[in-house]
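Here is the structure we will look at.
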Amino acid sequence: MPPLNALLTKARFQLRGARRAIARQSRFKLLFISLFALFFEGLLCVIFHDAFRFLDSFGGAGMMMIGRLFALFFLGLGLMLTVSSIVSSYSALFGSDEVPFLLVRPFSMSQITVYKFIQAAGFASWAFFFVVLPFIGAYAWHQQLSPLFVFWTFLFSIPYLFLFAGIGTL
């Protein structure tokens, strides 16, 4: 089996184990956590929309500020993602129990590094998307944009995420 396929198989087994662990949990617990997450996302969207309406009340100056704040928001999240990626990549590369196991297998160092980078970026970025989606949704709602704006901005955020996660990994 080629090394990359072995890593993908390992990831598939980990995902299957996570699904089984979730299935063993109480349905009430899963429902409560899901409802809390949806409530939190909705509340963030309402707060962001309220902030956009407040800025819009300033007239032309508010419209100029909204564009700048949009860029500043993404810059701030990018810097936080970099710091989070520093911590996550250090623990994924040096604190993981599976690294010695992977080193004695027929994987090259670059394959292990890329695998661990993707794992660290995933750990560092879940909160990024948890905050970005309501912000983009509120912006689209305020500007009366199509839901496709949220979809495409979400897709274009993925390379942005890997850029800042890569800076944090260096």
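Note that the working numbering gives residue 131 to position 131 of the sequence shown, counting from 1, and the numbers run on in steps of one. Glycine included, every Cβ here is placed at the ideal spot set by N, Cα and C. Treat the numbers as computed from the prediction; the structure is a model and nothing was measured.
Find out if the Cβ-Cβ distance for the pair residue i, residue j is shorter than 7 Å.
i    : j    : result
F164 : G78  : yes
F52  : H142 : yes
L44  : P134 : yes
S88  : F123 : yes
S84  : T169 : no
T82  : I167 : yes
F182 : A140 : Since the displayed the chain opens at 1 and closes at 170, residue 182 lies outside it and no answer follows.
L161 : S125 : yes
Using the rule of at least 16 other Cβ atoms within 10 Å of the residue's Cβ for burial, across every protein chain shown, is residue i buried or exposed?
i    : result
V132 : buried
T153 : buried
F39  : exposed
I136 : buried
F130 : exposed
A92  : buried
F48  : buried
F36  : exposed
L103 : exposed
F58  : exposed
F128 : buried
Residue i and residue j look like a contact to me (Cβ under 8 Å); what is the Cβ gap, rounded to whole Å?
i  : j    : result
L7 : Q111 : 7 Å
**OP:** Determine, using beta-carbon pairs with one atom in the region 83-100 and one in the region 117-135, whether at least three such pairs fall under 8 Å.
**Re:** Counting Cβ pairs under 8 Å, three or more are found: they touch.
**OP:** Answer yes if the region 23-30 comes into contact with the region 108-117, meaning at least three C-beta pairs across the two stretches below 8 Å, and no otherwise.
**Re:** With the cut-off at 8 Å, the region 108-117 and the region 23-30 do not touch.
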